[in-house]
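S.K.: Okay, handing you the structure first.
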Amino acid sequence: MAVHPDGTLFFAASDEKLQAISPSDGKPLWVRDHALAADGTMSNPIAGVGDRLFLTHNRVAQRSDGEPIQAPTVNGKKVNVYGAAFSRKLLASYSYSPELFVLDECGQLVWSLQAYNAVFAHSIVGFDDSLLTTATAYNGVDYGERKLYRYSIDGTVLAGPYSTGGVTNPLALGADGVYYVATCPLGDTEGDLELLALSESFELVDKVNLGPPCGASGVLLDDGMLVITRSTVPDYKPEFVRVQTASPGLAKTAWPTNGRDNSRTAWLAAW
248 MAVHPDGTLF FAASDEKLQA ISPSDGKPLW VRDHALAADG TMSNPIAGVG
298 DRLFLTHNRV AQRSDGEPIQ APTVNGKKVN VYGAAFSRKL LASYSYSPEL
348 FVLDECGQLV WSLQAYNAVF AHSIVGFDDS LLTTATAYNG VDYGERKLYR
398 YSIDGTVLAG PYSTGGVTNP LALGADGVYY VATCPLGDTE GDLELLALSE
448 SFELVDKVNL GPPCGASGVL LDDGMLVITR STVPDYKPEF VRVQTASPGL
498 AKTAWPTNGR DNSRTAWLAA W
C-alpha cells in the first residue's frame with residue numbers, strides 16, 4: 248500500500264480492486280478494477296510522484312481518480328517502480344530482471360546496478376541518501392544466499408557484501424543508524440528466524456533468535472518497538488512478534504522501512 252502526505256491510503260484489495268480511502272472518514276474516494284496483473288498477481292501501490300501513483304507490475308495510475316497512465320521506460324522497455332524517492336529519485340527494475348535502475352523525478356535513468364548471477368531487491372534508504380539493498384544469487388533456475396550491500400547516492404559501494412549464508416531481509420532503519428535485518432537458513436521455512444542489528448558498516452550490534460518459522464516483514468514504531476509479522480507453518484496463520492529495540496524510533500529518511508511507508512515519505516511533490 249501507499250500513503251499520500253495528505254493521509255489518503257491507496258491499496259489493492261482481495262476483491263481485485265484498486266482503492267483510494269479518505270483519511271477523514273475512511274470512505275472510498277474511488278475504486279478501480281485494474282488491481283490484477285496479467286499473470287494473476289496483485290498490482291500493489293508502492294510510491295508516488297505528484298499525481299502519479301506507482302504500482303507493482305509496471306503499472307501507473309492517476310492519484311486523483313485511479314485512471315491508468317503510461318509507465319516509465321528504460322531503453323524503450325517498461326520498468327517497475329518499487330522503491331521510494333530519495334534525493335528526488337526513484338528505484339525501478341524490469342520485471343524478473345537482475346538490474347536495478349535509479350530514475351530521476353521525470354523517469355529518466357540516472358544510474359543502474361547490473362548483477363550477474365544475482366537479483367537486486369529489498370531496499371531501504373539511509374542517511375545521506377545511501378541505499379541498502381540485497382543481491383540474491385540466481386543461476387536461472389534456483390535462488391541462493393542473499394547478501395547485503397550499501398551504496399551511495401551515485402552508486403559507489405559503501406559497505407558489503409555482508410552474508411549470513413542464508414536469506415537476509417532488511418526490515419527497517421532506526422533513528423540511531425542501526426539497520427534491523429531478518430535472516431533465515433537457506434531453503435528452510437521452518438528454520439529459526441534471527442533478528443540482527445547492524446551498523447552502517449555492517450558490524451554486528453546485537454542479535455536475537457526468534458525461533459521458527461522463518462520469513463518476516465516488520466515495522467519500527469516511534470518508541471523503538473519493532474513489530475514483526477510472519478506466518479506459521481504449515482497452516483500459514485499470521486503471527487506477530489514484538490521486539491523492543493534500543494533505537495529511538497524510525498529514521499527520518501526517504502524510505503526507512505522495507506516494503507512499508509509508515510512515515511509517509513514515499514511521495515515526491517511534483518513530477
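All you need for the working numbering is the position in the sequence shown, starting with 1, plus 247. Every residue gets a Cβ at the ideal spot worked out from N, C-alpha and C, and that includes glycine.
1) Cβ of residue 465 within 8 Å of Cβ of residue 473?
2) Could you tell me if residue 403 is buried or exposed, where buried requires 16 or more neighbouring beta carbons within 10 angstroms of its beta carbon?
3) In the DSSP assignment, what are the bridge partners of residue 431?
4) Given that a residue counts as buried once 16 or more other Cβ atoms are within 10 Å of its Cβ, and exposed if not, what is residue 416?
5) Only counting the same chain, and skipping five residues up and downstream in sequence, which positions put a Cβ closer than 8 Å to that of residue 517?
6) Could you work out which residue in 275, 265 and 250 is closest to residue 294 when comparing CA atoms only?
7) Rounded to whole angstroms, what's the CA-CA distance from residue 371 to residue 420? Just pull it up for me.
8) What is the C-beta distance between residue 373 and residue 504, in whole angstroms, given that I count them as a contact (C-beta under 8 Å)?
9) Please state whether the Cβ-Cβ distance between residue 428 and residue 440 is less than 8 Å.
10) Taking the alpha-carbon positions, what's the residue 267 to residue 383 distance?
11) Going by alpha carbons, who is nearest to residue 264 out of 253, 302, 317 and 271?
12) Classify residue 483 as buried or exposed, calling it buried when 16 or more other Cβ atoms lie within 10 Å of its own Cβ.
13) Got a sec? Which residues, its chain only, sit under 6 Å from residue 461 by beta carbon, not counting five neighbours each side?
14) Let me know if residue 520 comes out buried or exposed under the rule of 16 or more other beta-carbons within 10 Å of its beta-carbon.
15) Buried or exposed: where does residue 336 fall if 16 or more other Cβ atoms within 10 Å of its Cβ makes it buried?
16) Just reading off the beta strand (DSSP E) that residue 310 is part of, what are its end residues?
17) Taking all protein chains shown into account, do 16 or more other C-beta atoms lie within 10 angstroms of the C-beta of residue 291, making it buried, or fewer, making it exposed?
18) Assuming residue 491 is part of the beta strand (DSSP E), what are its boundary residues?
19) Under three-state DSSP, which class holds residue 351?
20) Once DSSP output is grouped into helix, strand and coil, what is the label at residue 531?
21) Could you check whether residue 406 and residue 359 sit closer than 8 Å to each other, using their CB atoms as the reference points?
22) How many angstroms separate the CA atom of residue 305 from the CA atom of residue 258?
23) Could you name the residues of the same chain whose beta carbon sits closer than 7 Å to that of residue 262, not counting the 5 residues immediately before and after it, in chain order?
M.R.: The answer reads as follows:
1) Numbered from 1 along the sequence shown, position 218 holds the residue referred to as residue 465. Numbered from 1 along the sequence shown, position 226 holds the residue referred to as residue 473. Closer than 8 Å, so yes.
2) Along the sequence shown, one-based indexing puts residue 403 at 156. Taking all protein chains shown into account, residue 403 has fewer than 16 neighbouring C-beta atoms within 10 Å of its C-beta and is therefore exposed.
3) In the sequence shown, counting from the first residue as 1, residue 431 sits at position 184. Looking at the DSSP assignment, residue 431 forms a beta bridge with 414.
4) Counting from one through the sequence shown, the residue named residue 416 turns up at place 169. Under this definition residue 416 is a buried residue.
5) To locate residue 517, count along the sequence shown from 1; it is residue 270. Any reading at residue 517 must be qualified, since the residue scores a pLDDT of 47, below 50, and its modelled position is unreliable; the value itself is stated next. Beyond the five residues adjoining it in sequence on each side, residue 517 comes within less than 8 Å, by CB distance, of 296, 297 and 352 in the same chain, given in chain order.
6) As a working note, residue 294 is residue 47 in the sequence shown. Per the C-alpha coordinates, the member of 275, 265 and 250 positioned closest to residue 294 is 250.
7) Reading the sequence shown from its first residue, position 124 is the one you call residue 371. Reading the sequence shown from its first residue, position 173 is the one you call residue 420. For residue 371 and residue 420, the distance between alpha carbons rounds to 7 Å.
8) On the sequence shown, position 126 is the one that residue 373 refers to. On the sequence shown, position 257 is the one that residue 504 refers to. At roughly 12 Å, the Cβ-Cβ gap does not stay under 8 Å, so residue 373 and residue 504 are not in contact.
9) Taking the first residue of the sequence shown as position 1, residue 428 is located at position 181. Taking the first residue of the sequence shown as position 1, residue 440 is located at position 193. No; because the gap between Cβ atoms is not below 8 Å, this pair is not in contact.
10) To locate residue 267, count along the sequence shown from 1; it is residue 20. To locate residue 383, count along the sequence shown from 1; it is residue 136. C-alpha separation (whole angstroms): 34 Å.
11) Start at 1 with the first residue of the sequence shown, and residue 264 comes out as number 17. Nearest of 253, 302, 317 and 271 to residue 264, Cα basis: 302.
12) The residue you call residue 483 lines up with position 236 of the sequence shown. By the beta-carbon neighbour count (other beta carbons within 10 angstroms, threshold 16), residue 483 is exposed.
13) In the sequence shown, counting from the first residue as 1, residue 461 sits at position 214. So the qualifying residues of the chain are 431, 436, 438 and 440.
14) It is not possible to answer for residue 520, since the shown part of the chain is limited to 248 through 518.
15) Here the question's residue 336 lines up with position 89 in the sequence shown. Flag for residue 336 reads buried.
16) Position 63 of the sequence shown, counted from the start, is the residue given in the question as residue 310. Counted as a single uninterrupted DSSP element, the stretch harbouring residue 310 is not any beta strand (DSSP E), since DSSP gives it neither H nor E.
17) One-based indexing of the sequence shown puts residue 291 at position 44. Buried: at least 16 other Cβ atoms inside 10 Å.
18) Against the sequence shown, residue 491 aligns to sequence position 244. Residue range 485-491 is occupied by the beta strand (DSSP E) that includes residue 491.
19) Within the sequence shown, numbered from 1, the residue matching residue 351 stands at position 104. DSSP places residue 351 in strand when its eight states are reduced to three.
20) Since the first and last residues shown for the chain are 248 and 518, residue 531 lies out of range.
21) The residue given as residue 359 occupies position 112 in the sequence shown. The residue given as residue 406 occupies position 159 in the sequence shown. No; because the gap between Cβ atoms is not below 8 Å, this pair is not in contact.
22) Numbered from 1 along the sequence shown, position 58 holds the residue referred to as residue 305. Numbered from 1 along the sequence shown, position 11 holds the residue referred to as residue 258. A straight-line Cα-Cα distance of about 16 Å links residue 305 and residue 258.
23) In the sequence shown, counting from the first residue as 1, residue 262 sits at position 15. So no residue of the chain qualifies.
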